[in-house]
Structure formats: C-alpha cells, structure tokens
Amino acid sequence: MNKKAILQSFSKVYSNRYRVYPSSVRSEGNNFFFMVRDDKRKYLVVIGSLSLCEKFEGDPLVDLKVNGNKLTMRIAYINHHNLVLLRRIFPHLSPSTCSARTSFGTGDRLGIATPAHVQAFECKDIFPILAQQSVRETSRTGRDWQGVLDDAIWGCFEAGYQGPFGADADHVKRIEDLRGAVDCGYTMFTVDPSDFVRDDVFKLSEEKKDKLYRSLSERKELERLYLGKSYLIAGERLEFDEKSLREVALIYLEALKHTVKCYKFLDDYKRGDFDFEVSVDETSTPTSPLAHVFIVQELRRNKVDFQSLALRFIGEWQKGIDYIGDVEEFVRELSLHVAITRMFGGYKLSLHSGSDKFLIYPIFAQKTDSFFHIKTAGTSYLEAIKVIARKNPSLYREIHHFALKNFEKDRASYYVTTDLSRIPEVDEIPDDRLEDLFKKQDSRQLIHITYGSVLSAKDGEGNFLFRDRIYKTLFENEDEHYREVSAHIKRHLELLEI
Ligand code: ZN
C-alpha cells in the first residue's frame with residue numbers, strides 16, 4: 001500500500017465530494033492520515049485499522065479496499081480530541097523550545113493562516129513561533145490558549161510541515177494566565193510586567209522621587225550592588241550614579257519583582273524546558289541602555305533564565321505600519337543595546353510590533369548578527385482583510401464603516417497617530433480600488449486596531465455581524481488568502497537575511 005493507492009481508493013468512494021490537501025498526506029505503519037475539505041469545512045481522513053479509526057471522532061466508519069487489503073476509513077472532525085490522537089502518532093506536531101535560535105513570531109488572529117506562514121519560512125534558517133497570541137488578542141477575538149495552539153497545529157498538519165515550531169503565550173500579565181498556557185502545552189512565555197512599570201516617574205518632582213526611593217526596602221541592597229558601578233559599552237561609559245539608580249529602580253523594580261514571581265511560578269509548575277521572554281516594550285518611554293543593564297542584572301541575580309528581552313526602542317513602533325523616527329539615532333541606540341546583550345550574553349534582543357517595520361529589519365538583523373526574536377501580530381490579519389476587500393467588496397465596506405464607528409474606543413489601548421480624515425470615503429472608491437486602502441497608513445491602522453470589535457460584533461439575535469462571513473470568504477478564497485499572507489511574511493523574512 002502506498003499513498004497513491006490510498007488516495008485513489010478514497011476518491012473512488014467520494015469522487016469529487018472532497019478536495020484533498022496533497023501535502024498533508026502522512027502514513028504511520030499501515031495507517032494513513034490526510035486533510036480534505038468540502039465547500040464548508042475541513043476534515044481529517046483516517047484510513048487504516050479498525051481499532052485506530054474507532055478512536056477518532058467523526059462520521060460513521062466506512063469499509064475500504066485498497067489493493068486487496070481490507071481497511072477502515074473515517075472522515076474525522078477537526079477537533080481537539082482528534083488532534084491529541086494525531087499528536088501522539090506524529091510527535092513533530094507538538095511545539096518545542098527555541099532557546100538560542102534566531103526566531104520569528106507570526107501572530108494569527110483568525111487562526112487560519114499557519115499553512116501560509118509555514119510556506120513563508122521555507123528554506124529560511126529562522127525558527128518559527130507559529131502559535132503566538134497575546135492575552136489581549138485572545139480575549140478580543142474570543143479565542144483561548146488551546147484553540148490558538150490547536151489551530152496552528154492543524155495548520156502544520158495541513159501544510160505537511162514537519163520542522164520544529166514554538167508556541168508563545170504572549171504578553172501575559174497574570175500568573176493565572178500563565179497556568180492556563182502551561183496546561184495547554186505552550187513552550188514560550190512572554191511576561192509583560194508593564195502594569196508595574198512606573199512610567200510616570202519622569203513627571204514627579206525630585207522631592208517626591210526621593211521620598212519614594214527612600215521608602216524602597218531594597219534600597220540599601222541596590223546601592224551596594226549598583227551605586228558607582230560603571231560599564232564601558234561600545235565606547236560609551238554608562239554609570240549608576242545616585243540619580244540614575246534612583247530612576248531605574250523606581251521605574252522597573254516592581255515590574256521586575258513581578259517578572260521574577262512569574263518565572264518562579266513557571267519554573268515550578270511547568271515540567272521541562274521552556275523559553276522565557278521578558279517584555280518591557282509596551283511603555284511610553286524608551287528603555288535606556290542603563291535601564292537595560294539594570295533589568296538584566298536584576299533578572300540574573302534572581303536566577304531568571306530568560307532567552308529573550310523585548311525593550312521599548314526609541315522612535316515610534318505603531319501597529320501595522322513602518323517605523324517612524326530617526327533611523328540613525330535608532331541605530332546608534334541599538335548598537336548600545338546589542339553591546340549590552342553581548343556583555344552579559346545568553347539572551348536575544350526581541351523586537352515587538354514588528355509588523356511591517358521594513359526600514360528597520362535589515363539593520364536589526366545586521367546589528368544583532370541575526371541573534372534576535374521578532375514578533376508580528378496584526379499584519380497577517382490585514383492581509384486577510386485585504387483579500388476580503390478584493391473578493392467580497394460589499395462585506396469590506398460594511399467592516400470599514402463599522403471600524404470607523406469603533407475606532408475611537410478601540411484606539412485607547414494602542415499608541416497610534418491615525419488621522420481618520422485622511423481616509424477617503426469608502427463608498428466613493430470603486431470595488432477594484434478598495435485594496436489600495438491597505439497601502440495607506442491611516443486605513444491600515446483603522447483595520448488593524450478594530451479587529452476585536454469587528455470579530456466579536458453581534459446583531460440583536462446573537463449572530464455575528466462579520467465574523468462568519470469573514471471566515472466564509474477566506475475559506476472560499478483560501479489559495480488566494482494563503483498566497484497573500486505567505487508573500488507578505490516572506491517579504492519580512494527576506495529583509496532579515498544577511
Ligand atoms: Zn510587545
């Protein structure tokens with residue numbers, strides 16, 4: 001029995017009822033597995049022994065003869081139960097840790113883009129983090145840790161991807177959320193202690209700062225460790241004097257304590273290795289080189305084994321558009337941060353809000369000598385909605401109007417400088433020009449930021465206003481959707497090749 005004979009027998013039974021995903025076909029002993037779709041949904045086909053097929057949930061069992069062999073077949077559901085069985089048979093479908101490898105995260109808000117992402121990574125020496133959603137994203141899209149991971153794994157199976165990949169529970173703020181991600185089998189945890197970062201310290205009077213600082217129970221210890229210490233970094237001398245130590249301690253100490261707590265929880269609760277990322281990127285002020293030194297030393301002192309550190313770099317890192325700021329100044333500052341990572345060693349610099357930062361990518365790869373982690377989140381979603389604009393213009397128009405109405409509310413949790421008045425009136429744009437909106441910053445951000453409202457909006461009877469139609473349109477135009485997302489992520493990855 002071979003794959004060809006199996007597929008022939010399958011199509012004899014069903015003729016044209018299903019379309020097979022040829023790259024998904026896998027065998028294990030005399031059992032065969034592959035993914036198919038009809039015009040509504042996807043299924044897992046299991047062909048082999050009766051005892052195996054019985055374990056899977058799906059349509060009634062069917063007898064199948066292949067080259068004289070009597071086999072059993074089941075059209076099985078794409079669900080968690082079946083995925084657990086499949087992962088036991090094919091261990092490469094489970095996520096693994098990335099450690100020191102160069103890595104890139106492809107957030108997938110809709111949960112249907114993994115086959116396209118996998119394609120983009122082909123022949124690239126970059127470790128893909130295929131399941132990567134933040135707590136904010138999962139709550140806004142009505143998904144959960146398990147669903148995000150399962151979607152990515154089904155995507156790997158569909159695409160026939162057999163390489164390693166990571167699963168990142170991104171921007172986690174609470175231990176309870178970490179617990180949930182561990183339970184689901186995530187391999188990477190990004191702790192975001194920004195609720196404890198005191199961004200407002202700069203606004204306080206010297207007196208007030210001093211009073212706060214003196215009230216720190218760790219003050220003496222910090223002074224013993226840091227005061228007067230200086231570091232020669234890329235030809236620049238950085239020093240902890242009283243003022244600078246006071247400042248970094250006030251801004252970051254509580255955040256670091258929370259991070260340590262989270263790490264200790266993971267170290268205790270999760271059996272086996274994991275990747276740990278600390279992210280202080282979602283703050284209003286950039287992380288200074290001296291703060292970087294302080295953060296790393298405090299983490300090390302508390303025995304936090306972290307693989308990557310996301311800093312808030314200078315300039316503007318707005319969602320879904322390119323870098324805004326002085327590139328030369330960014331390069332100068334980045335060189336200092338890279339020199340600091342080299343001085344301490346053992347962790348990667350992580351770049352968040354990496355969607356569409358094309359100006360920065362080649363520099364970032366070169367300066368870090370490809371020792372980095374980069375995250376993209378919303379850019380694959382934008383590509384999906386672009387396909388909606390192309391294939392279902394009337395749906396796009398509805399989404400666009402709805403997004404305009406919700407923009408002010410939704411922008412609250414993002415830093416963007418979107419000017420809605422610069423977006424042309426959508427009803428005056430002909431259908432075949434709607435896509436052009438995705439070339440302009442303001443309209444990109446309009447769609448990028450309102451994903452939660454768009455995907456969760458319901459009518460008076462509790463039916464989704466757009467969600468089902470978005471998925472339906474993308475399902476009907478799957479090849480095109482995959483092509484667009486893959487090309488867009490590839491564009492990102494190619495700029496990182498040095
Ligand atoms: Zn981030």
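Mapping the sequence shown onto the UniProt record's numbering, position 349 (from 1) lands on 349, and the numbers just tick up by one. By construction, the Cβ of each residue, glycine as well, lies at the ideal position given by its N, Cα and C atoms. Just so it is clear, the structure is predicted and the values come from calculations on it, not from any experiment.
| query | Should the stretch 478-493 be regarded as contacting the stretch 108-122, the criterion being three or more beta carbon pairs within less than 8 Å? | reply | Contact between the stretch 478-493 and the stretch 108-122 is present, because at least three Cβ pairs lie under 8 Å.
| If you scan the stretch 276-334 from start to end, which runs of the alpha helix (DSSP H) of 4 or more residues do you find wholly inside it? | Fully enclosed alpha helix (DSSP H) runs of 4 or longer: 289-301.
| task | Specify whether the stretch 77-96 and the stretch 53-60 touch according to this definition: at least 3 beta carbon pairs, one from each stretch, less than 8 Å apart. | result | Cβ pair count under 8 Å is three or more, so yes.
| field | Backbone CA spacing between T187 and S96 [nearest angstrom] | value | Along the sequence shown, read from residue 1 onward, the residue named residue 187 stands at position 187. Along the sequence shown, read from residue 1 onward, the residue named residue 96 stands at position 96. Their backbone Cα atoms lie some 6 Å apart in a straight line.
| query | Using the C-alpha atoms, what's the distance from S94 back to D200? | reply | Numbered from 1 along the sequence shown, position 200 holds the residue referred to as residue 200. Numbered from 1 along the sequence shown, position 94 holds the residue referred to as residue 94. Looking at the two C-alpha atoms, the distance is approximately 42 Å.
| query | H448 by DSSP, collapsed to three states: which one? | reply | Mapped onto the sequence shown, residue 448 falls at position 448. Helix at H448.
| Residue range of the unbroken alpha helix (DSSP H) whose run includes residue 501 | The requested residue 501 does not occur in the structure, where the chain is confined to residues 1 to 498.
| Burial state of T259 (16 or more Cβ within 10 Å) | To locate residue 259, count along the sequence shown from 1; it is residue 259. Around the beta carbon of T259, a 10 Å sphere encloses 16 or more other beta carbons of the protein chains shown; the residue is thus reported as buried.
| What separation, rounded to the nearest whole angstrom, lies between the Cα atoms of L50 and P60? | As a first step, residue 50 is located in the sequence shown; it is residue number 50 there, counting from the start. As a first step, residue 60 is located in the sequence shown; it is residue number 60 there, counting from the start. One C-alpha to the other measures close to 12 Å.
| task | Please list, following the chain, all residues that have a C-beta closer than 6 Å to any non-hydrogen atom of the ligand ZN. | result | Every residue whose Cβ sits closer than 6 Å to any heavy atom of the ligand ZN is listed here in chain order: H171, S279, D281, E282, A310, H352.
| task | Can you give me the start and stop residues for the alpha helix (DSSP H) that E258 sits inside? | result | If you number the sequence shown from 1, residue 258 lands on position 258. Checking the sequence, you will find His at residue 258 rather than Glu. Unbroken alpha helix (DSSP H) run through H258: 242-269.
| said: Can you give me the C-alpha to C-alpha distance between residue 525 and K208, rounded to a whole angstrom? | reply: An answer regarding residue 525 cannot be provided, because it is not within the stretch 1 to 498 covered by the chain.
| query | Three-state secondary structure (DSSP) at residue 499? | reply | Only positions 1 to 498 of the chain appear in the structure, and residue 499 is not among them; the question remains open.
| said: Can you check which of these residues, K472, V46, L493, is closest to G29 by C-alpha distance? | reply: Taking the sequence shown and counting its residues from 1, the one referred to as residue 29 is at position 29. Comparing alpha-carbon positions, the option among K472, V46, L493 lying closest to G29 turns out to be V46.
| message | Within a Cβ cutoff of 6 Å, which residues of the same chain sit near D442, ignoring the five residues on either side of it in sequence? | response | Taking the sequence shown and counting its residues from 1, the one referred to as residue 442 is at position 442. Excluding residues within five positions, the ones whose Cβ falls inside 6 Å are T418, D419, R422, I423.
| message | Given a cut-off of 8 Å on the beta-carbon distance, is the pair P164 and F189 in contact? | response | Walking along the sequence shown from the start, residue 164 turns up at place 164. Walking along the sequence shown from the start, residue 189 turns up at place 189. Not a contact, by the Cβ cut-off of 8 Å.
| said: Here's the rule I'm using: 16 or more other beta-carbon atoms within 10 Å means buried, otherwise exposed. How should V13 be labelled? | reply: By one-based count along the sequence shown, residue 13 stands at place 13. Counting Cβ neighbours within 10 Å, V13 comes out exposed, since fewer than 16 surround it.
| said: Taking its Cβ as the centre, do 16 or more other Cβ atoms sit within 10 Å of C262, making it buried, or is it exposed? | reply: Here residue 262 refers to the residue found at position 262 when the sequence shown is read from its first residue. Classification for C262: buried.
| First and last residue of the alpha helix (DSSP H) that includes R397? | Taking the first residue of the sequence shown as 1, we reach residue 397 at position 397. Looking at the DSSP string, the run of the alpha helix (DSSP H) that includes R397 is 393-410.
| What's the C-alpha gap between I340 and P289? | For this step, residue 340 is matched to residue 340 along the sequence shown. For this step, residue 289 is matched to residue 289 along the sequence shown. Between I340 and P289, the C-alpha separation is close to 8 Å.
| query | Between T368 and I360, what straight-line distance do the alpha-carbon atoms span, to the nearest angstrom? | reply | Your numbering for residue 368 matches position 368 in the sequence shown. Your numbering for residue 360 matches position 360 in the sequence shown. Approximately 12 Å, taken between the alpha carbons.
| task | Identify whether I498 lies in helix, strand or coil by the three-state DSSP scheme. | result | Along the sequence shown, read from residue 1 onward, the residue named residue 498 stands at position 498. Three-state result, I498: coil.
| task | Mind reading off the beta-carbon distance from Y451 to Y381? Whole number of angstroms is fine, and I expect it under 8 Å. | result | What you label residue 451 is simply residue 451 of the sequence shown in a count that begins at 1. What you label residue 381 is simply residue 381 of the sequence shown in a count that begins at 1. Separation of the CB atoms of Y451 and Y381 is rounded to 6 Å, and the pair is thereby assigned contact status at 8 Å.
| query | Are the CB atoms of S279 and A249 nearer to each other than 8 Å? | reply | Indexing the sequence shown from 1 puts residue 279 at position 279. Indexing the sequence shown from 1 puts residue 249 at position 249. S279 is not a Cβ neighbour of A249, given a cutoff of 8 Å.
| Using 8 Å as the Cβ pair cut-off and three pairs as the minimum, do the stretch 390-403 and the stretch 324-332 touch? | Contact fails between the stretch 390-403 and the stretch 324-332, because fewer than three Cβ pairs, one in each stretch, are under 8 Å apart.
| field | 8 Å contact criterion, which I374 and G107 should meet: CB distance rounded | value | Here residue 374 refers to the residue found at position 374 when the sequence shown is read from its first residue. Here residue 107 refers to the residue found at position 107 when the sequence shown is read from its first residue. The beta-carbon distance between I374 and G107, rounded to whole angstroms, is 11 Å. This is too long to meet the 8 Å contact definition.
| said: Quick check: the Cα distance between K243 and F202, rounded to an integer number of angstroms? | reply: Looking up residue 243 in the sequence shown gives position 243. Looking up residue 202 in the sequence shown gives position 202. K243 and F202 have their C-alpha atoms some 12 Å from each other.
| field | Three-state class that DSSP yields for I75 in the structure shown | value | Here residue 75 refers to the residue found at position 75 when the sequence shown is read from its first residue. Here I75 sits in strand by DSSP.
| Runs of alpha helix (DSSP H) wholly within the stretch 154-222 (minimum 4 residues, chain order) | The alpha helix (DSSP H) runs lying completely inside the stretch 154-222 and spanning 4 residues or more are 175-184, 206-214, given in chain order.
| Under 8 Å, do Q445 and G320 count as touching if we go by C-beta distance? | Working through the sequence shown from its first residue, we reach residue 445 at position 445. Working through the sequence shown from its first residue, we reach residue 320 at position 320. The answer is yes: Cβ separation under 8 Å.
| task | From the DSSP output, read off the bridge partner residues of A131. | result | The residue labelled residue 131 in the question sits at position 131 within the sequence shown. A167.
| query | Excluding the five sequence neighbours on either side, which residues of its own chain have a C-beta within less than 7 Å of the C-beta of G180, listed in chain order? | reply | Your numbering for residue 180 matches position 180 in the sequence shown. Excluding five sequence positions before and after G180, the CB atoms of its chain that fall closer than 7 Å to its own CB belong to W145, given in chain order.
| request: Taking L253 and E206 to be in contact with their CB atoms under 8 Å, please state how far apart those CB atoms are, rounded to whole angstroms. | output: As a working note, residue 253 is residue 253 in the sequence shown. As a working note, residue 206 is residue 206 in the sequence shown. That pair is no contact at about 18 Å.
| query | When DSSP labels each residue in this structure, what does F10 get in the three-state scheme? | reply | Translated into positions along the sequence shown, residue 10 becomes position 10. Helix, per DSSP.
| said: Using 8 Å as the threshold, is the C-beta distance between Q307 and F276 below it? | reply: Taking the sequence shown and counting its residues from 1, the one referred to as residue 307 is at position 307. Taking the sequence shown and counting its residues from 1, the one referred to as residue 276 is at position 276. Cβ distance < 8 Å, so Q307 and F276 count as in contact.
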